[in-house]
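Take a look at the structure set out below.
Residue numbers (this note's numbering): 2 to 388.
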């Protein structure tokens, strides 16, 4: 997404020079969200972008892995020789974290690429019993698809609750029941000791039969190839971009899952692994390249997840919030949560309430202050709670 959108944005903003999109995968550039939904369930053959790259004058160099970059020489290193550049945009995304000790074990899967989804499709079609490792966003989405396909599903999570790294305990707690409602089994405080062919062994000795194992325990910026480049990386091995998405190397930008950026809105550096960031950031990068002076890149982060028959949306960043406001009953199908900091809305989570999300996102962008009492009334439009 980030690489494709940067190339398209360059053309939209009038860039007339050569644009080459290099990718390690051999497939036409594609969108990732459908992989855990329509593509996985066999409802779509793929999710290639509906973009006429030839008409836009964008050259695709596919199936070519870049192994290094020498900023002083303005050259990339690849297995088939060097590639010169005038301006370079890093949009390598993130790579899924592998479960230690599972390399080479048959039946262990990740879900990040089109090839991953195609390998998993027959698992669902044959209705195998599946063990999902990790009760995060991707684990929940895969479990949803597997249950829809008729598979027996057990989700094991080392933490005490689902989404432990993403949401506070009280907000994630209602989501625990979603698994049972769908017919999936959720086991928390469950650490994987090892994976054997057909079996997942937990640290307490429990043996879980598994026709397939799907690992969803997070992703890390795909930046190992930058190790000796001199380009500055952060604590999570992400590229450190500035407020214009420039890196520490001249003529090199970074966008999407592989880069963090300083947020004036939230007073900290953000590393956002979500689709919307890969859609928005390229416009800033393109403006820089064509010679405009873009505004600082400081979006309200946004993402969504479809799981267990629910549409979950989130906007903002709640880490610095000092007040939590509930809108509606979390045991029902539709409810929201607002996070305030000194009275200003900084984040909103909406389950089955898309209007709350749409209004909340605009209120966050405006740094609007809310009346907590009005905000807590689900019958009051969120925008009407603004002070």
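Each residue gets a CB set at the ideal place from its N, CA and C atoms; glycine is no exception.
Once the 5 residues before and after residue 245 are set aside, which same chain residues still bring their CB inside 6 Å of it?
Within the same chain, residue 245 has close Cβ partners 289.
Range of the contiguous alpha helix (DSSP H) that encloses residue 145
Counting along the chain, the alpha helix (DSSP H) containing residue 145 begins and ends at 138 to 149.
Pair within 7 Å by beta-carbon distance, residue 222 and residue 259
Contact: yes.
How would you write the range of the alpha helix (DSSP H) that residue 121 sits in, first residue to last?
Where residue 121 is concerned, the enclosing alpha helix (DSSP H) stretches over 115 to 126.
Roughly how many angstroms separate the alpha carbons of residue 356 and residue 336, rounded to a whole number?
CA-CA distance, residue 356 to residue 336, rounds to 11 Å.
Per DSSP, what kind of secondary structure is residue 365 in: helix, strand or coil?
Of the three classes helix, strand and coil, the one that applies to residue 365 here is helix, per DSSP.
For residue 322 versus residue 286, is the C-beta spacing smaller than 7 Å?
Here residue 322 is not near residue 286, since their CB atoms are 7 Å or more apart.
Does the separation of the CB atoms of residue 306 and residue 143 fall below 7 Å?
When the beta-carbon positions are compared, residue 306 and residue 143 stay at least 7 Å from each other.
Return yes when the Cβ of residue 98 is within less than 7 Å of the Cβ of residue 23, no when it is not.
For the pair residue 23 and residue 98, the CB atoms are not nearer than the 7 Å cut-off.
Are the beta-carbon atoms of residue 124 and residue 213 separated by less than 7 Å?
A contact, by the Cβ cut-off of 7 Å.
Which residue or residues does DSSP assign as beta-bridge partners of residue 305?
Bridge partners of residue 305: 314.
Measure the beta-carbon distance from residue 153 to residue 130 and round it to whole angstroms, keeping in mind my assumption that it falls under 8 Å.
With a beta-carbon spacing of about 4 Å, residue 153 and residue 130 fall inside the 8 Å limit used to define contacts.
For chain C, check one thing: does any of its Cβ atoms lie closer than 7 Å to the Cβ of residue 204?
Chain labels in this structure do not include chain C; a single protein chain is all it has.
Spatial neighbours of residue 249 in its chain, beta-carbon cut-off 7 Å, leaving aside the 5 residues before and after:
Within the same chain, residue 249 has close Cβ partners 232, 233, 241.
Confirm, please, whether the CB-CB distance from residue 239 to residue 261 is below 7 Å.
Yes, they are a contact pair.
With a threshold of 16 other CB atoms inside 10 Å of the CB of residue 127, please say whether the residue is buried or exposed.
Taking all protein chains in view, the Cβ of residue 127 is surrounded by fewer than 16 other Cβ atoms within 10 Å, so the residue is classified as exposed.
Measure the CB-CB distance between residue 78 and residue 69 and report whether it falls below 7 Å.
Yes, the pair counts as a contact, with Cβ atoms nearer than the cut-off.
Determine, using beta-carbon pairs with one atom in the stretch 78 to 89 and one in the stretch 188 to 205, whether at least three such pairs fall under 8 Å.
When C-beta atoms of the stretch 78 to 89 are compared with those of the stretch 188 to 205, fewer than three pairs fall below 8 Å, so the two segments do not count as touching.
If you follow the beta strand (DSSP E) that residue 23 is in, where does it begin and where does it stop?
For residue 23, the enclosing beta strand (DSSP E) starts and ends at 20 to 24.
Neighbour-count burial assignment, residue 151, 16 or more Cβ in a 10 Å radius
Exposed: under 16 other Cβ atoms inside 10 Å.
For the alpha helix (DSSP H) that contains residue 286, what are its first and last residues?
Element bounds for residue 286: 276 to 290.
Taking Cβ to Cβ, would you say residue 200 is nearer than 7 Å to residue 134?
Residue 200 is not a Cβ neighbour of residue 134, given a cutoff of 7 Å.
Looking only at its own chain, which residues have a Cβ that is under 7 Å from the Cβ of residue 193, when we skip the five neighbours before and after it?
Answer for residue 193: 100, 134, 157, 201, 203, listed in chain order.
Under the DSSP definition of a beta bridge, which residues are partnered with residue 110?
215.
List, from N- to C-terminal side, the beta strand (DSSP E) runs of 3 residues or more that fit wholly inside the stretch 210 to 270.
213 to 216, 220 to 222, 253 to 255, 260 to 264, all fully within the stretch 210 to 270.
Simplified DSSP assignment, three categories, for residue 197
It is a strand residue.
Give me, in chain order, the residues of the same chain whose beta-carbon lies closer than 8 Å to that of residue 166; leave out the 5 immediate sequence neighbours on both sides.
Cβ neighbours of residue 166 beyond the five flanking positions: 137, 160, 219.
Looking at the unbroken beta strand (DSSP E) that takes in residue 62, where does it start and where does it end?
Per DSSP, residue 62 is one residue of the beta strand (DSSP E) stretching across 59 to 63.
Segment limits, beta strand (DSSP E) that includes residue 78:
Annotation for residue 78: the continuous beta strand (DSSP E) segment containing it runs 76 to 79.
What are the boundary residues of the beta strand (DSSP E) that residue 186 is part of?
For residue 186, the uninterrupted beta strand (DSSP E) segment begins and ends at 186 to 188.
What three-state label does DSSP hand residue 356 in the structure shown?
Residue state, collapsed to three classes: helix.
Compute the distance between the beta-carbons of residue 291 and residue 14, then report whether it is under 7 Å.
Yes, Cβ-Cβ distance for residue 291 and residue 14 is below 7 Å.
Check residue 84 in the structure and name its three-state DSSP category.
Looking at residue 84 - three-state DSSP - the assignment turns out to be strand.
Rounded to the nearest angstrom, what separates residue 297 and residue 338 at their Cα positions?
Between the alpha carbons of residue 297 and residue 338 lies a distance of about 28 Å.
Between the Cα of residue 353 and the Cα atoms of 320, 314, 366, which residue gives the shortest distance?
Comparing Cα positions, the closest option is 314.
Could you tell me the alpha carbon to alpha carbon distance between residue 381 and residue 329, rounded to whole angstroms?
Between the C-alpha atoms of residue 381 and residue 329 there is a straight-line separation of about 11 Å.
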